[in-house]
Amino acid sequence: MYIEQGYKGDIGLWKYFIIPTAFITFMVLNYIATVNSPVSVEDTMQQIIAQFGSNLVLIILLFPLAVGLFVVLGWTYLVHKQSITSLTTSRKKIDWGRIFFSFGLWTVVMILLVGLDIYFSPDSYVLNFDLTKFIVLAIIGIILIPMQTSFEEYLFRGHMMQGLGILAKNRWVPLVVTSALFGLMHIANPEVEKLGFGILIYYIGTGFFLGILTLMDEGLELTLGFHAANNLITALLVTADWTAFQTNSIYKDISEPSLGWDAVIPVFVVFPILLWFFSKKYGWKNWKDRLFGKVLTKEEFVALNDGESNLA
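Start counting the sequence shown at 10; every next residue gets the next number (our numbering).
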């Protein structure tokens with residue numbers, strides 16, 4: 010009962026709207042500024058990188074989101090009076106094994122997929138490896154990218170999932186809303202400008218995949234590992250002139266970008282296979298109830314937990 014973990018604190022539904030509203034407002038203003046700018050996002054990124062270098066630009070992009078992680082965790086602990094553990098999982102303690110397993114699994118899958126693409130489409134890639142710059146990139150990435158991805162997980166699949174679930178008293182509303190907002194959060198990315206709004210299928214689909222992981226596993230551990238691996242390995246392995254992360258990675262994609270099956274296959278093929286695999290490993294059952302069932306009231310939750318009255 011992950012969503013019900015939100016009851017373990019000084020609950021007040023208004024407290025769940027402050028941070029998401031502020032973040033969404035910022036994203037909307039950023040999108041408005043982007044579409045009204047006379048210079049494309051791609052050209053703007055190239056100008057900034059030419060001036061400051063890709064590693065410094067990466068820090069500039071990641072640092073506010075890394076700070077956002079501490080804002081969400083601090084708000085939870087100080088304002089909600091809720092433990093970080095109950096924001097993270099329904100288990101008695103955070104399962105780090107799940108985090109590292111998910112991270113490792115998706116790292117291996119990504120390396121294989123990228124390797125196969127390079128093997129079958131060698132003309133689309135050039136070797137971009139510079140040891141000194143790569144080491145700096147790796148240090149920056151290993152420190153900041155997991156903080157960036159954790160912020161997004163704790164905000165969307167944690168803070169917002171619990172708040173919306175408690176408000177709606179069901180599980181499908183927070184799943185749909187957080188998944189859609191997660192996808193739309195990327196609308197100002199240079200990938201959207203380059204490929205069109207169709208790429209949002211991938212972003213929103215990823216949001217649904219991560220939301221289903223959270224609800225089925227009753228915690229954020231698998232999503233924390235997956236999301237960190239996805240962004241970190243992408244930043245280290247492959248870059249392109251039209252992506253949000255333009256880094257000193259090992260390879261550079263020089264192909265002409267186009268919206269094709271590569272945006273759809275992960276959502277409708279790879280992610281379902283991963284869900285099936287995780288369901289077998291962790292023994293998931295009752296898919297209908299976990300994804301569409303009701304959320305207990307606080308009184309029902311207390312009664313189910315041996316009548317404990319002090320949940321703080």
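Quick reminder that beta carbons are idealized off the backbone N, C-alpha and C, glycines included.
- Beta-bridge annotation (DSSP): G228 is paired with T98.
- Under the three-state reduction of DSSP, D262 is assigned to strand.
- L204 and T248 have their C-alpha atoms roughly 16 Å apart.
- Distance from the CA atom of P131 to the CA atom of F310, rounded to whole angstroms, is 56 Å.
- The residue from H195, F72, L222 with its alpha-carbon nearest to that of I152 is F72.
- Sequence-distant Cβ neighbours of A189 in its own chain, meaning closer than 8 Å and more than five residues away, are I213, G216.
- By the neighbour-count criterion, in which a residue is buried when 16 or more other Cβ atoms sit within 10 angstroms of its Cβ, S267 is exposed.
- Inter-residue distance for L70 and L313 is about 44 Å (C-alpha atoms, whole angstroms).
- Between the alpha carbons of G167 and T97 lies a distance of about 7 Å.
- Looking at the DSSP output, L136 sits in a beta bridge with Y260.
- The residue among V186, L209, S46 with its C-alpha nearest the C-alpha of I196 is L209.
- Proximity of the region 288-295 to the region 269-280 falls short of the contact definition, fewer than three beta-carbon pairs being nearer than 8 Å.
- In the three-state DSSP reduction, K297 falls in the helix class (H, G or I).
- In the same chain as S46, and ignoring 5 residues on each side of it, no C-beta atom comes closer than 6 Å to its own.
- In summary, Y128 is exposed, with fewer than 16 beta-carbon neighbours lying within 10 Å of its beta-carbon over all protein chains present.
- For L176 and V276, the gap between their C-alpha atoms comes out near 29 Å.
- Straight-line spacing of the CA atoms in K102 and I93 works out to 10 Å.
- A contact between stretches requires three or more CB pairs, one per stretch, nearer than 8 Å, and the region 217-224 fails this requirement with the region 76-96.
- For E51, the enclosing alpha helix (DSSP H) has its first and last residue at 50-61.
- V182 has its alpha-carbon roughly 36 Å from the corresponding atom of I149.
- According to DSSP, residue pairing for N179 in a beta bridge involves K303.
- Contact check for K90 against D19 passes: the beta carbons are separated by less than 8 Å.
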